[in-house]
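Please read the structure below before turning to the comments.
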Amino acid sequence: MKKLTTPEKILRAAHKVFDREGADAVSMRRVAEAVGITPMAIYRHFPNREALLKRLSDDSFNTVAHEWEARATHPDILKRLLALLEPYLDYALEHPHLFDHAFSVRRDDARRFPEDFRARQSPTLNVIADAVAEGVRLGVLKQDDPWDVAMSLWAHAHGLVALYRAGRFSYDEVRFRKFYFESIGRLVDGIKA
């Protein structure tokens, strides 16, 4: 088994606290105690708490992006679009604090639409935009701007997740998942050529 480096231990400990209790619970002192180092030792690897939280957010984006990339190979574009939005829902329900920080909380370093996304700075939305562009190119989807369509799909998925997590659905998780995919399916039907 590979021995973890100090930065890896710090990230693992911070991730556990963040995942269980949210960003406000992540302090340099608390993470240092979990790792077994002094709080000052963390600053050798992360200049401040914001840098540590940014790294956790970046790792969250990359985790979701990796899942999306793994599903980006389905030959049927319409089924691929539905499959791409499943890891987003899974991540939101399994890691609500990390999800909120990565996708729902205002941050100065957050990517902005359209410029940052069109510059391919989003490891997550790139995958959906690429699938939409391929669908348009193949004539499966209506002619439209792939980035605008990708953002619409993401916004729809995000809105449903936010409403569910805010208690706006009386559904249990199984019924909500069914509704989520049916709803996204209706949206995808609307962009078919």
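Residue numbers (the working numbering): 4 to 196.
Even glycine gets a Cβ: it sits at the ideal position worked out from N, Cα and C.
For residue i, the residue or residues it bridges with in DSSP
i           : result
residue 223 : Not covered by the structure: residue 223. The range shown for the chain is 4 to 196.
Inter-residue spacing [alpha-carbon to alpha-carbon] between residue i and residue j
i           : j           : result
residue 118 : residue 147 : 17 Å
residue 201 : residue 47  : This structure cannot speak to residue 201, because the chain is shown only from 4 to 196.
residue 12  : residue 61  : 17 Å
residue 142 : residue 194 : 11 Å
residue 126 : residue 30  : 27 Å
residue 55  : residue 106 : 17 Å
Beta-carbon proximity list for residue i, same chain, < 7 Å, skipping 5 on both sides
i           : result
residue 41  : 35
residue 137 : 80
residue 25  : 100
Burial state of residue i (16 or more Cβ within 10 Å)
i           : result
residue 69  : exposed
residue 39  : exposed
residue 154 : buried
residue 7   : exposed
residue 4   : exposed
residue 108 : exposed
residue 177 : exposed
Own chain residues within Cβ distance below 8 Å of residue i, not counting five before or after
i           : result
residue 77  : 83, 86
residue 159 : 186, 187, 190
6 Å Cβ shell around residue i - same chain, five flanking residues per side excluded
i          : result
residue 75 : 130
Cβ contact (3+ pairs, closer than 8 Å) linking the segment 103-120 and the segment 171-182: Judged by pairs of C-beta atoms under 8 Å, the segment 103-120 does not touch the segment 171-182, as fewer than three such pairs exist.
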